[in-house]
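Asks:
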Amino acid sequence: MNQFEVKLKDYITRNNLDAEHLVFEVSCHSVEEAAKAANSSPDHLVKNICFIDENGNLIVAIVKGTDRASTTKIGKTLNIAPPRTATPEEILENTGYPCGGVPSFGYSAQFLIDPKVMEMDVVFTGGGSPNSLVKISPVTLQKANKGVVTKIRK
Numbered sequence: 011m012n013q014f015e016v017k018l019k020d021y022i023t024r025n026n027l028d029a030e031h032l033v034f035e036v037s038c039h040s041v042e043e044a045a046k047a048a049n050s051s052p053d054h055l056v057k058n059i060c061f062i063d064e065n066g067n068l069i070v071a072i073v074k075g076t077d078r079a080s081t082t083k084i085g086k087t088l089n090i091a092p093p094r095t096a097t098p099e100e101i102l103e104n105t106g107y108p109c110g111g112v113p114s115f116g117y118s119a120q121f122l123i124d125p126k127v128m129e130m131d132v133v134f135t136g137g138g139s140p141n142s143l144v145k146i147s148p149v150t151l152q153k154a155n156k157g158v159v160t161k162i163r164k
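Following our numbering, the numbering of the sequence shown begins with 11 at its first residue and continues without gaps.
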């Protein structure tokens with residue numbers, strides 16, 4: 011395990027989260043790669059899309075792997091101008107995890123969860139690195155990140 015995977019696994023253990031940390035020999039960077047690695051479908055994957063608002067605050071939009079996040083809807087939800095996509099450097103700086111492995115919890119951000127995510131029994135989210143995932147229920151995920159459930163998909 012690399013340092014990011016260890017950090018996330020420790021977070022899961024310390025916070026007694028009902029979640030399974032999975033490390034693979036293959037990349038999980040794209041939804042398709044992650045679904046194949048997890049022997050699942052893209053419908054069970056969630057993406058954590060990182061945005062930055064006009065004040066430099068991190069916003070994480072959590073949508074199903076087959077969906078896209080709407081910056082317009084995010085802006086309206088938070089009563090701000092539509093945020094911009096974070097750079098890989100900003101993602102690492104703000105989350106503590108590299109782009110392609112960002113989990114849905116474990117760092118400070120405004121988390122927004124699309125309702126379609128909450129319809130699932132279990133989802134796979136970033137596991138701290140491009141080669142790892144976390145298997146978790148959406149209810150546990152929301153408790154871990156104190157996310158707001160609101161329609162943010164395009």
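Quick reminder that beta carbons are idealized off the backbone N, C-alpha and C, glycines included.
Exposed or buried, which one is residue 144 when buried takes at least 16 other CB atoms within 10 Å?
Replies: Reading the sequence shown from its first residue, position 134 is the one you call residue 144. Classification of residue 144: buried, given that the 10 Å Cβ count is 16 or more.
Asks: Look up residue 75 in the DSSP assignment and say whether it is helix, strand or coil.
Replies: Along the sequence shown, read from residue 1 onward, the residue named residue 75 stands at position 65. In this structure, residue 75 counts as coil in the three-state DSSP scheme.
Asks: Between the alpha carbons of residue 156 and residue 122, how many angstroms are there, rounded?
Replies: Counting from 1 along the sequence shown, the entry for residue 156 is found at position 146. Counting from 1 along the sequence shown, the entry for residue 122 is found at position 112. Answer to the nearest angstrom: the Cα atoms are 9 Å apart.
Asks: Assess contact between the region 29-36 and the region 56-67, defined as three or more Cβ pairs (one per stretch) separated by less than 8 Å. Is contact present?
Replies: no
Asks: Considering only the alpha carbon of each residue, which of 164, 153, 75 lies closest to residue 50?
Replies: Mapped onto the sequence shown, residue 50 falls at position 40. When only C-alpha atoms are compared, the closest one is 75.
Asks: Count the other CB atoms, across all protein chains shown, that sit within 10 Å of the CB of residue 93; report buried if there are 16 or more and exposed otherwise.
Replies: Indexing the sequence shown from 1 puts residue 93 at position 83. Classification for residue 93: buried.
Asks: Looking at the structure shown, is residue 58 part of a helix, part of a strand, or coil, going by DSSP?
Replies: Position 48 of the sequence shown holds residue 58. When DSSP states are grouped into helix, strand and coil, residue 58 belongs to the strand group.
Asks: Which of the three DSSP states, helix, strand or coil, is assigned to residue 115?
Replies: Here residue 115 refers to the residue found at position 105 when the sequence shown is read from its first residue. Note: residue 115 maps to coil in three-state DSSP.
Asks: Between 26, 152, 47, which has its C-alpha nearest residue 131's C-alpha?
Replies: The residue given as residue 131 occupies position 121 in the sequence shown. The candidate whose alpha carbon is nearest that of residue 131 is 152.
Asks: Can you tell me the Cβ-Cβ gap for residue 162 and residue 56, rounded? I've got them flagged as a contact below 8 Å.
Replies: Position 152 of the sequence shown, counted from the first residue, corresponds to residue 162. Position 46 of the sequence shown, counted from the first residue, corresponds to residue 56. Not confirmed; about 12 Å, so no contact.
Asks: As a quick exercise: from 111, 82, 96, pick the residue whose alpha carbon is nearest that of residue 141.
Replies: For the purposes of this step, residue 141 is taken as the residue at position 131 of the sequence shown. Ranking 111, 82, 96 by Cα distance to residue 141 puts 111 first.
Asks: Have a look at 128, 160, 139 and flag the residue whose alpha-carbon is nearest the alpha-carbon of residue 146.
Replies: Here residue 146 is taken as the residue at index 136 of the sequence shown, counted from 1. It is 128.
Asks: Taking only three categories from DSSP, how would you classify residue 15?
Replies: Counted from its first residue, the sequence shown places residue 15 at position 5. Helix, per DSSP.
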